[in-house]
Structures are given as structure tokens and as C-alpha cells.
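Those protein sequence lines, which keep their order, are chains V and C. Take 1 as the starting number for the first sequence in the numbering used here and just add one per residue. Take 147 as the starting number for the second sequence in the numbering used here and just add one per residue. Have a look at the structure below before the remarks.
Protein chains: 2
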Amino acid sequence: MSFEQLTLKNQLCHRLYMASNSIVRAYREPLMKLNITYPQYVVMMALWEQDKVTIAALVETTMIDGGAMTQILKKMADKGLLEIIKDQYDKRKRLVDLTPQGQALKIKAVNIPNEISCQFSSINSVQAGQLMQLLDLVVNDLADKT
Amino acid sequence: MSFEQLTLKNQLCHRLYMASNSIVRAYREPLMKLNITYPQYVVMMALWEQDKVTIAALVETTMIDGGAMTQILKKMADKGLLEIIKDQYDKRKRLVDLTPQGQALKIKAVNIPNEISCQFSSINSVQAGQLMQLLDLVVNDLADKT
DNA sequence: TTATTTTAATTTGCATGCAAAGTATTTGCA
DNA sequence: TGCAAATACTTTGCATGCAAATTAAAATAA
Numbered sequence: 001m002s003f004e005q006l007t008l009k010n011q012l013c014h015r016l017y018m019a020s021n022s023i024v025r026a027y028r029e030p031l032m033k034l035n036i037t038y039p040q041y042v043v044m045m046a047l048w049e050q051d052k053v054t055i056a057a058l059v060e061t062t063m064i065d066g067g068a069m070t071q072i073l074k075k076m077a078d079k080g081l082l083e084i085i086k087d088q089y090d091k092r093k094r095l096v097d098l099t100p101q102g103q104a105l106k107i108k109a110v111n112i113p114n115e116i117s118c119q120f121s122s123i124n125s126v127q128a129g130q131l132m133q134l135l136d137l138v139v140n141d142l143a144d145k146t
Numbered sequence: 147m148s149f150e151q152l153t154l155k156n157q158l159c160h161r162l163y164m165a166s167n168s169i170v171r172a173y174r175e176p177l178m179k180l181n182i183t184y185p186q187y188v189v190m191m192a193l194w195e196q197d198k199v200t201i202a203a204l205v206e207t208t209m210i211d212g213g214a215m216t217q218i219l220k221k222m223a224d225k226g227l228l229e230i231i232k233d234q235y236d237k238r239k240r241l242v243d244l245t246p247q248g249q250a251l252k253i254k255a256v257n258i259p260n261e262i263s264c265q266f267s268s269i270n271s272v273q274a275g276q277l278m279q280l281l282d283l284v285v286n287d288l289a290d291k292t
């Protein structure tokens with residue numbers, strides 16, 4: 001156990017922290033055209049894949065905090081992108097339902113992945129795949145450590 | 147340009163987002179013993195490496211936002227970990243100086259990297275190295291895109 | 001059935017991340 | 001020298017992330 005590990009350049013975590021912040025920042029401008037933030041974009045992607053899901057399901061898919069999710073969904077509902085409906089069979093649950101505008105936003109968003117990937121001049125698709133696999137390992141290792 | 151890219155499972159960014167949040171969350175408990183947050187820990191690591199630096203230098207090293215840095219340093223100063231001194235040669239600048247307590251905290255922190263790495267059961271050191279290299283590429287590609 | 005426990009969301013308080021505006025100082029140029 | 005432009009920070013407003021407390025409803029046990 002040495003002090004050498006306590007160095008920023010040796011910290012996987014700091015790398016992740018910087019990379020995550022950098023890439024979220026990169027999304028900011030393209031997403032501004034859609035009038036949504038990055039976490040809101042994540043929610044939209046989840047809903048474009050599967051609509052009319054419970055908030056709990058959305059929390060699991062996106063890994064966004066439940067408390068934050070409430071606030072995020074409220075803002076998105078205010079923008080008219082979705083509606084939050086009570087589940088008639090279990091009144092504790094709420095179902096999130098995209099509005100036509102929410103559905104339509106997908107078309108405006110379709111080019112965003114390309115806009116972003118254009119900024120990665122030094123990473124090819126193989127490396128991107130490797131990176132995603134390694135990140136999955138990180139997330140899995142850290143999951144459910146209650 | 148297909149809709150298939152607009153899928154959470156195909157999003158490098160979402161992987162990064164989840165991984166970064168997960169790992170910062172993992173640091174929460176160990177750091178609570180030191181009474182600091184993760185960004186504060188990053189600042190401490192930077193200062194343990196090099197003390198008496200300007201705030202601008204700290205911002206560059208840590209990649210923490212300047213506005214946030216002001217707040218973070220203020221809290222750390224309140225805790226007695228550091229002092230913020232005016233640069234006598236350039237009164238716009240401030241120098242950050244660790245107190246003896248700030249220096250001493252390093253000893254209590256020395257085991258944290260091990261505590262964290264123990265949680266990575268499915269990643270070996272080679273993969274960790276690969277991951278860090280790939281993340282550096284990401285950060286570099288996205289830097290200075292003003 | 002009633003009481004206890006669990007589940008699903010919301011709310012609250014604190015700590016950032018980030019953009020934009022504001023404040024001192026210092027530089028640089030006419 | 002004098003003033004505009006650049007620097008180095010700080011402040012402010014908004015949007016999360018996260019833990020903890022709270023509320024409402026359903027499931028389970030007694």
C-alpha cells in the first residue's frame with residue numbers, strides 16, 4: 001500500500017469522471033436544439049425504445065436516481081413530451097406515456113449520435129466497442145453493493 | 147443514419163455516465179470517514195501532489211469547473227484542510243495551501259484506492275490500464291472544442 | 001380482517017457541473 | 001500615460017445525483 005496510488009494520473013475513477021463530464025458537455029449543444037438536457041435525452045431514448053413503462057422500470061433502465069427521475073419527468077411533462085398516468089391496477093405505480101410531440105422528437109434526434117461520434121477522431125469503432133465492454137464490467141462490479 | 151443508434155445499449159455516453167456515477171457512489175462511503183466528497187478528494191489528491199498552486203492550476207489538473215471549485219475550496223477551507231492565500235505578485239490570483247491537517251489526511255486516505263479496487267472482481271490490472279488509455283483518448287478528443 | 005411490512009413515488013437538503021454575468025487586476029496597445 | 005482587452009476568480013441560476021424522510025397503496029402475516 002503506497003502513496004503512489006493516491007495520484008490523479010493513476011486514478012481510473014478520475015479518468016471516468018473527466019470523460020463522463022466531457023462527453024455530457026459535448027451533448028449539451030446538440031441537445032439544446034431539442035430543448036432537453038442529457039439526462040432528459042437518456043429518458044427519451046429509453047421511452048423511444050419502450051413506451052408506457054413504470055417509473056421504476058425507467059429508473060432501472062436508465063440508472064438515473066429515482067428522486068431525480070421525479071423531477072426530470074415533471075419537467076419533461078411540462079414541455080409536453082410525455083404524460084404521467086396513474087396505473088389503474090396498482091395505484092402506487094405511474095406509467096410514463098410519450099405524447100405525439102415526444103414521439104416526433106425522435107426524428108430531430110436521429111442525427112445526434114453522428115454529430116457526437118464525429119468528435120472522436122482518435123477512437124475507432126473497435127476501440128469504442130472495447131470501451132463499452134470494459135465500462136459494463138465496471139458497472140456490473142459496482143452494482144448492488146448494498 | 148438509422149434509429150438503431152438511438153438505443154441506450156448502443157450509447158457509449160450512457161455507459162460512461164453510468165460507470166462514472168457508480169464509481170463516485172462507491173467512493174462515498176470510504177470518503178465519509180474522511181468527511182469529504184468525491185470532488186473534494188480529487189482536489190486533495192491534486193494538492194498532495196503539488197501544493198501552493200493557483201486555483202486556475204487546480205482547475206486544469208482536476209478538470210473541475212471553476213465556479214464549482216470556488217465553492218469546493220471554500221468548504222474545504224472551512225473544514226480546516228487548506229487555506230486560500232492571495233498571491234502577492236498578482237492580486238487576481240489565489241494560492242491554495244494545505245494545512246497540517248490537510249497534509250495529515252493523506253495518511254488516512256492511503257488505503258482508499260485498495261478499498262475501491264477490491265470491488266472490481268472482474269477487471270484485472272491490464273484491463274484497467276486499457277480502460278484508462280481509452281478514457282484518455284475520449285477526454286483528449288473532446289477537449290478544447292470551443 | 002387487522003396490523004405489519006414492503007413497494008412505488010415524491011419531497012427535501014446538500015453538493016456539484018455548467019453557463020453566464022459580475023468584479024478585481026493586470027496587460028497591452030495607442 | 002490612459003484605456004480597452006484579457007485574466008483570474010466569484011457569484012448566480014438552473015439541473016441533476018444521492019441519501020434520508022415521507023406518503024400512499026398493496027402485499028403479507030397474525
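Where is the CB? At the ideal position from N, CA and C, for every residue including glycine. For clarity, every value in this text was computed on a predicted model and none was experimentally measured.
Checking contacts by CB at 8 Å: is residue i closer than that to chain C?
i, result
"Arg28/V", "no"
"Asp141/V", "yes"
"Val24/V", "yes"
"Arg15/V", "yes"
"Gln130/V", "yes"
"Glu115/V", "no"
"Ala46/V", "yes"
"Asp51/V", "no"
"Leu31/V", "no"
"Val126/V", "no"
"Gln119/V", "yes"
"Ile12/V", "Note that residue 12/V is Leu in the sequence shown, not Ile. Yes, contact with chain C."
"Ile55/V", "no"
Step through the CB atoms of chain V and report whether any lies within less than 8 Å of the CB of residue i.
i, result
"Thr292/C", "Since pLDDT at Thr292/C reaches only 48, below the 50 mark, its modelled position is unreliable, and the value read off the structure follows with that caveat. Chain V, which has no Cβ nearer than 8 Å to the Cβ of Thr292/C, makes this no."
"Pro246/C", "no"
"Ile218/C", "no"
"Thr153/C", "yes"
"Asp243/C", "no"
"Thr207/C", "yes"
"Lys252/C", "yes"
"Ile230/C", "no"
"Met164/C", "yes"
"Gln186/C", "no"
"Leu204/C", "no"
Do residue j and residue i have their beta-carbon atoms positioned less than 8 Å apart in this structure?
i, j, result
"Ile169/C", "Val24/V", "no"
"Pro113/V", "Gln151/C", "yes"
"Asp136/V", "Arg161/C", "yes"
"Leu81/V", "Ile55/V", "no"
"Gln119/V", "Leu280/C", "no"
Tell me the rounded alpha-carbon separation between residue i and residue j.
i, j, result
"Gln101/V", "Leu47/V", "13 Å"
"Gln196/C", "Asn10/V", "15 Å"
"Ser122/V", "Ala274/C", "19 Å"
"Leu95/V", "Met76/V", "14 Å"
"Phe149/C", "Met63/V", "22 Å"
"Tyr41/V", "Val53/V", "16 Å"
"Met215/C", "Thr183/C", "13 Å"
"Ala172/C", "Met132/V", "20 Å"
"Val205/C", "Asp287/C", "19 Å"
"Arg238/C", "Thr7/V", "29 Å"
"Thr146/V", "Asp236/C", "Low confidence applies to Thr146/V: its pLDDT is 48, below 50, so where it sits in the model is not reliable, and the reading given next is rough at best. Using only the alpha carbons, I get a separation of about 49 Å."
"Ala106/C", "Lys86/V", "Because residue 106/C is not part of the residues shown, which for chain C are 147 to 292, the question remains open."
"Ser117/V", "Met44/V", "19 Å"
"Asp97/V", "Gln103/V", "10 Å"
"Gln234/C", "Ala165/C", "42 Å"
"Asp224/C", "Ile230/C", "11 Å"
"Cys159/C", "Arg174/C", "23 Å"
"Thr245/C", "Pro185/C", "18 Å"
"Ser271/C", "Glu261/C", "15 Å"
"Thr61/V", "Tyr163/C", "13 Å"
"Gly67/V", "Gly213/C", "25 Å"
"Asn167/C", "Ala289/C", "21 Å"
At a threshold of 7 Å, does residue i count as lining the ligand GTP (C-beta to nearest heavy atom)?
i, result
"Met191/C", "The model on display carries no ligand, and the ligand GTP is accordingly not part of it."
Within 8 Å, do at least three Cβ pairs link the segment 30-45 of chain V to the segment 106-123 of chain V?
yes
List in chain order: all unbroken beta strand (DSSP E) runs of 3+ residues lying wholly within the segment 14-88 of chain V.
82-86
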